[in-house]
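For the sequence shown, this note's numbering assigns the number 252 to the last residue and increments by one with no breaks.
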Amino acid sequence: LFLILGNQQACCLNIGYSLYRVFAGMLLALLLGLLLGLLMGRSKFWNRLLDPVVYLTYPVPKIALLPVVMLFFGLGEISKILMIMLILIFQIIISVRDGVKAIPGSAYEVLSSIGATALHKFWHVTLPGALSVILSTVRISLGTAISVLFFTEIYGTEHGMGFFIMDSWQRLDYPGMYAGILLFSLVGFILFLLVDVLDRIFMKWRRS
C-alpha cells in the first residue's frame, strides 16, 4: 500500500490527522457521555430532565448536522472533531444510563455494610458497570464515526485519509485511491483492535 501511495511521509501525515480527529472526538464523547450517563443513571431528577433532550436529538441523522457544525465552527479541526463526538455521545449517554440503572441496589448495600465511601462505590461498582457498556457502544458506533470522518475530511482540509482518497480520485490516480480506501479500512481495523485491548485491560473481571 505504501509503495502505491508513493510518499510515505505524506501518507503517515494523513493517517496521523485522521487518527487525531477520531481520538479527540472519542475522548470528548467519552468524557461528556460518561458524566451525563452517570448523572442520569443515578439521579431520577436529572434523568427526567435530560431524557426528553436526548430522545429528541438522538434520532437526528448526524451527517445532516455537518453543514450546521461547519457554519458555526468553521472548516477547521473543531468541526471535524465535533462531528465524531456527536456520532458517539448520544449512544454512550443512553448506554451508560441504562447500564448504571441495571446495577442491583444490593451491590451498593454490600459495600455500605463494610463502611465503603461514595468514591469506593463509584470505583468498584458504578464505573465497571459503565465501562462495560461504553466499550460495547464504542465498538458498535466506531464504524459510523469513521464514515462521518471521511465526509468531514473532504471539506476545508489538506490532510486526512478522506482528503487523500478524494484528491486521488480527482487526479485520476485510481491505484492511489483504492490503496487509500484499503488503508482507511486498515485504520478502522486497528481502532477496533484497540477497543478490544482496552476491553481486556479494564474488563478482566468478566473473564474471571
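Backbone N, C-alpha and C define an ideal beta-carbon position, used for all residues, glycine too.
Can you tell me which of the three DSSP states residue i falls into?
i, result
"residue 183", "helix"
"residue 102", "coil"
"residue 197", "coil"
"residue 159", "coil"
"residue 210", "helix"
"residue 164", "helix"
"residue 146", "coil"
"residue 60", "helix"
"residue 204", "coil"
"residue 247", "coil"
"residue 86", "helix"
"residue 220", "helix"
"residue 118", "coil"
"residue 189", "helix"
"residue 65", "helix"
"residue 215", "coil"
Thinking just about the alpha-carbon of each residue, which of the options is nearest to the one in residue i?
i, options, result
"residue 150", "117, 73, 136, 170", "170"
"residue 65", "145, 129, 91", "129"
"residue 229", "193, 247, 127", "193"
"residue 115", "199, 213, 247, 243", "199"
"residue 242", "202, 182, 213", "182"
"residue 119", "157, 203, 76", "203"
"residue 67", "245, 246, 234", "234"
"residue 70", "117, 104, 81, 131", "131"
"residue 100", "81, 134, 90, 87", "134"
"residue 62", "219, 201, 102", "201"
"residue 180", "244, 92, 166, 158", "244"
"residue 55", "91, 211, 75", "211"
"residue 165", "240, 184, 152", "152"
Less than 8 Å between the beta carbons of residue i and residue j, yes or no?
i, j, result
"residue 122", "residue 73", "no"
"residue 190", "residue 232", "yes"
"residue 58", "residue 236", "no"
"residue 197", "residue 106", "no"
"residue 147", "residue 98", "no"
"residue 178", "residue 78", "yes"
"residue 94", "residue 195", "no"
"residue 143", "residue 174", "yes"
"residue 154", "residue 85", "no"
"residue 205", "residue 238", "no"
"residue 127", "residue 113", "yes"
"residue 247", "residue 176", "yes"
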